[in-house]
Amino acid sequence: MAKLKAFTQEWMNAFRQRIADSKEYREIAGNWEGSVSIIINPDPARGVPETVYLFTDYWHGDVKDFLVCDKAKAESADFIMSGDYIRWKQIARKEIEATKALMQGKLKLKGNLVYVVRNVKTVNKVVDLLGEVDTLFPDD
Amino acid sequence: MPGGYTGLFLTVDLISGKISRFVLEEEFFRLHIGGSAVAARLFLDGFPLDCDPLSGANPLIISTGPMTGSAFPGTSRFSVCARSPLTGIWGESACGGTFGPELKRAGYDGLIITGRAPFPCYLRIEDGAAEIIEASEIWGKDIYETTDLLWSKHRSCRVLAIGPAGENLVRFASIGNDKGHFAGRTGLGAVMGAKNLKAIAVKGTGHPEKADKEGFKQALRSAAEEIRSSAFAGSLHAMGSDAGMDLGMMTGDVPIRNWTVGEDYDLSAALGGPALTEKYLVKAHACTHCPIACKRVVRVAEGPYRTEEGPGPEYETCCTFGTMIMNYDLAGVIKANELCNRYGMDTISCGSTVAMAMELFEKGLLSGRDTEGLDMAWGNMPAVFTLLGKIARREGFGGLLAEGSARAAERLGSAAAEASVHVKGLELPMHDPRAFHGMGLAYMVSNRGGCHLQHAVMGTEQGMVSWPQVFTMKDSYTGPESEDKAALVFHSENFGILGNSLAICHYVLYSLKPETVLKAFNVITGFGFGFSDLMVCGTRDWMLKRGINNLLGVTSRNDALPKRIMTALTEGAAAGSVPDTKKLLSEYYALRGLDKQGIPKEDRLQELGLDALNRRLAAVRAAEPVAKEEMKWQN
C-alpha cells in the first residue's frame, strides 16, 4: 500500500482508523473525553509553506472527528499542542517521545495539564498509533 | 569581594561559647564557587575527617552559594554538611526555603558550628551579631512548635530547627526550615542534636552586591519568560514534584513493595500528582523568589487521617509511604509526611526503613514480639503512625529502625540484608535503576551514597532536558540500557553537582536554558566563566568529596548496587533489565580518572589544583583502605 501524504484528510482518516481499530486504546482511554488539536509551524525549506491545523476528538475510548481544519477550529479544541514541523516528524517516527519533547520545550501544550498527566497512558498510546500510519512527509 | 558573596563565615564553638568570623578570598570561591563544595574544602582542610559523626568534633557546616538570595529563581538554597551519622562518609543535604537568603542578608556566606554545648541551646544571628541562647523552653518540641515559638520570640526571623528525632540522634533525622522546607538526607539533624543545638534563628536586612545590576535584570527577564513557557515548570506548578508519578509508572521508574514489583497503575492513580491536586491541594507554595512554586500546601479535611493545613508530600514521600509500603490511601501519605516533618525525619530513609520492616514482617524475620505488637502488614498506616513516634523517640523497636535500614538489617541477621536497599548506607531515592541504568551508575558513585540530586542524570537520561551546548549528549536515551550511559553520567555529574555550589534548584535548572543560568552567575559574581570553567569546578567538587570518602575508607568495592536492584523485575517497563554495572563502572572510572581502587589518580588531582588532597591520598593509594568504625553498612 502506498504511503499516505502527511497532514492530508486521507492521512487523518487512516490515523483515526488506527485508533478506532485498537482494542488496547479502547481499554486505556475509557476515561478520556476531549478534543486535541495539533498545530504544525511552517517550515518552507522542508515543504511546509504554511501553518498546518489538525483537529482530533476522543470520547471515552471512541474516536470522533479527525479533520484537517482552519485556525479557528483548531483553537476551539480542549487541548492544543503546537510545535515545529521537524519535531512532529520526529515524534511520528518515534525518534523522540512526545512527553520528552514537551518537557524540553520542543512542543507546547495549552489545556488542563493535570488532566493530561492523569491520562498520560492514553496520550502515549495515541502517539504510538500515529507512528504506525505509513506516512510520506513533505521533505521525504 | 566579588558580587554574590559576603566573604564571611561565622564560626561558633558551642563548648566555649566563642563566636568569631573568618574571611574567604575571591580565589577560593573561583575554585569552589559555594555551597557544599566550599563546605567540603573547609571540612577537608580544617577538621579531623574520622571524627565520630555524633560527637562535638564533627563540624556542622552551613553554606550558601553566590546566587543565594539574589532574587534569581530557585536560588534560595543552602547546603548543610558534616560527616554523616547515617553513612559515616561525607554528608550533605541541600534545602530551599528562606534560611539561605536570610543568612546572606545577615552578612554571612556560611556558618561552621563545632563542639557540643553543655546545655540545650539555639543560635540567634541578626545582621552580623550572634549569640547562643539557652533552649530548655523548646527542647523536646517538634519542628512546627519550635518554629512557632522562635517566630514569636524573634520577630521576622527565619528558622532552622530539629525535632525530637534530631535530639534523640535518629540517624536519618532532618532539619526543617520554617516548617515547609527540609534538609532531609544523610541524617544531619542528628549532628545538630549531638551538639545540643536545637535551632538557628536568623534575621538580616542587608543586600548582597551584584557585579552587573543591569545584566542581572536582563537575566531575570529571560528566566521569567523561559519558566512561563516551560511545560516542565508548568507541571511542577500544577502538581508539585509528584507530577511525575503517572509517567514514572509507565517507564518503570517507580519502586513498589520495597523494590520487588514492576508496575501497579492503581497505586499511581491513587497517589500521583493529579490525585494530590484534585483531592487535597489547598494552594501552591514557593521558596523565596521562585515563580514555579512546586511546594504543596495540603489538608486532609476529614477521616481517620485528618491533618491541619500544612506542607504536603513530595514525589519521593508519596513513594516511600505509598508505593513502597503498598498504601493506596493518599491521606495516609499526607499524615505520615506531617509526622515526619514534625518529628524531623527524612521521609526517604524513614519510609524505606519502614518498607524493609514490612517485608521482614511478611517473611517472618520480624514477629509481633519484635515489633512490640505492631502489625507491620503492608499498608497498615495506623501501625506506621505509631511506629514513626517510636522511631523519633527511639523507643523499643523504633530504636532499632532509628539506626537506618542498613544497620537495622545487619542486627537482624544476614537474611534481612536484601531488604535494605541502599548504596553506601543511604537508602535509595525513588527512581529505579533497572528502568534507567544511568541512574544506577549515578547511585553507585554519588558521594553521599545512593542519591538522585548530586548530578543531573534524572533530567538528562529521562529526557527532561537536552544540553548539547554544555556537553556532548545524544538526542535521546533509552532508559533500560547501559550503552552510552557512563559518559552521560560523568558529564551530568560535573554540571548537575553545580546546583549545590551555585545554589540553584534542579527544577529551575531544568526549566531554564543553561545559557541563562550561566549569565545570571556571571552578572552576579563578575567571574566571566564559560561552561567549561563551570564544569571544571564541578569536577573539582566531585573529586574533593570522593577524596574525603577515600580517606574515610571508601573504595571501588563500595561502588555497587544492592542485590535487590540487581534482581530483574518480571513485569512493567523495566522487566528483565538490570544495569550492566561492570561496563558502566569501567567506562566511568576511565572518564573520571579513578584507579582500580576507586581513588582519584594523581595527575587528575594535580590538574584540578588539589595538591594537598593528593598528598593525603598517597598513603591510601599505597595500602588498601580500611573502612572506619561508623561505616557499618559495607556493601
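Residue numbers (the numbering used here), protein chains in the order written: chain A, 1 to 140; chain B, 141 to 775. C-beta atoms are modelled at their ideal positions from N, C-alpha and C, and glycine is treated no differently.
Going along chain D, which residues have a C-beta under 8 Å from A:V120? Note that chain D does not occur in the displayed structure, where the protein chains are A and B.
How about B:P654: is its C-beta nearer than 9 Å to some C-beta of chain A? So no, B:P654 is outside the interface.
Would you call the segment 253-266 of chain B and the segment 363-379 of chain B in contact, with 3 or more CB pairs under 8 Å? No: fewer than three Cβ pairs fall under 8 Å.
Run through DSSP, which three-state label would A:G34 get? A:G34 falls in the strand class under three-state DSSP.
Expressed to the nearest angstrom, what Euclidean distance is found between the alpha-carbon atoms of B:K741 and B:M683? Distance between the alpha carbons of B:K741 and B:M683: 10 Å.
Helix or strand or just coil, what does DSSP make of B:V401? Reduced to three states, the DSSP call for B:V401 is strand.
Those residues which DSSP pairs with B:A270 across a bridge: B:I265.
Could you name the residues of chain B that A:E97 contacts, counting a contact when the two beta carbons are closer than 8 Å? Ordered by position in chain B, the residues that pass the 8 Å Cβ test against A:E97 are G603 and S616.
Which of the three DSSP states, helix, strand or coil, is assigned to A:S141? Since the first residue of chain A shown is 1 and the last is 140, residue 141 of chain A is not available in this structure.
Return helix, strand or coil for B:E285, following the three-state DSSP convention. Judged by DSSP in its simplified three-state form, B:E285 adopts helix.
With DSSP as the reference, label A:D144 as helix, strand or coil. Residue 144 of chain A lies beyond the residue range present for chain A, which begins at 1 and ends at 140; the question has no answer from this structure.
What are the boundary residues of the beta strand (DSSP E) that includes B:I202? Its beta strand (DSSP E) spans residues L200 to T204.
Check whether B:S156 and B:G175 have beta carbons under 9 Å apart: Going by C-beta atoms, B:S156 is not nearer than 9 Å to B:G175.
Own chain, CB closer than 8 Å to B:S606, minus 5 neighbours either side, in chain order: Taken in chain order, the residues that qualify are T600, M613 and D615.
Alpha carbon of B:W518 to alpha carbon of B:F630, nearest angstrom: Taking the straight line joining both Cα atoms gives about 38 Å.
A:I19 CB to nearest chain B CB: under 9 Å? No, no contact with chain B.
So with Cβ pairs under 9 Å, would you call B:A371 a contact of chain A? Closer than 9 Å to some Cβ of chain A, the Cβ of B:A371 qualifies, so yes.
Given that a residue counts as buried once 16 or more other Cβ atoms are within 10 Å of its Cβ, and exposed if not, what is A:W59? Per the 10 Å Cβ criterion, exposed.
Are the C-beta atoms of B:A424 and some chain A residue less than 9 Å apart? Not closer than 9 Å to any Cβ of chain A, the Cβ of B:A424 fails to qualify, so no.
C-beta neighbour in chain B for A:Y115, strict 9 Å: Yes, because at least one Cβ of chain B sits closer than 9 Å to the Cβ of A:Y115.
Nearest chain B C-beta to A:G105 closer than 9 Å, yes or no? Yes - at least one Cβ of chain B is within 9 Å of the one on A:G105.
Here's the rule: buried if 16 or more other CB atoms are within 10 angstroms of the residue's CB, otherwise exposed. What is B:F259? Burial call: exposed.
Rounded distance between the beta-carbons of B:T493 and B:V536, thought under 8 Å: A small correction: the amino acid at residue 536 of chain B is Gly; Val does not occupy that position in the sequence shown. Taking a contact as a CB-CB distance under 8 Å, the pair B:G536 and B:T493 does not count as one, their CB atoms being some 15 Å apart.
Starting from B:W279, trace the alpha helix (DSSP H) in both directions and tell me its first and last residue. Careful: B:W279 lies outside any alpha helix (DSSP H) and carries neither H nor E.
So, for B:K723: in the same chain, excluding its five sequence neighbours on each side, which residues have a beta-carbon less than 8 Å away from its beta-carbon? For B:K723, the CB contacts under 8 Å within the same chain, skipping 5 residues up- and downstream, are S622 and A626 in chain order.
Thinking C-alpha only, which one of B:S369, B:K435 and B:M464 is nearest B:D404? Residue B:M464 is the option with its Cα nearest to B:D404.
One question on the structure: do B:T656 and B:A359 come within less than 9 Å of each other, judged by their Cβ atoms? Going by C-beta atoms, B:T656 is nearer than 9 Å to B:A359.
Is there a Cβ of chain A sitting closer than 9 Å to that of B:P778, yes or no? Any property of residue 778 of chain B remains undetermined from this structure, which presents chain B solely from 141 to 775.
To which residues does DSSP link A:M103 through a beta bridge? Looking at the DSSP assignment, A:M103 forms no beta bridge with any residue, so it has no partner.
How many Å lie between A:P138 and A:V36 at the Cα? Approximately 23 Å, taken between the alpha carbons.
How many angstroms separate the CA atom of B:C458 from the CA atom of B:G452? For B:C458 and B:G452, the distance between alpha carbons rounds to 10 Å.
Kindly say whether A:K100, judged by its beta-carbon, lies nearer than 9 Å to any beta-carbon of chain B. Output row for A:K100: interface = yes.
Please state the DSSP three-state secondary structure of B:R295. In this structure, B:R295 counts as coil in the three-state DSSP scheme.
Cβ shell of B:K736 (< 7 Å), same chain only, five flanking positions each side left out: Same-chain partners within the cutoff: S696.
Would A:N149 pass as an interface residue toward chain B - the criterion being a Cβ-Cβ separation below 9 Å? There is simply no residue 149 of chain A to check, as chain A begins at 1 and stops at 140 in what is shown.
Can you name the start and end residues of the alpha helix (DSSP H) that A:I19 belongs to? Residues Q9 to A20.
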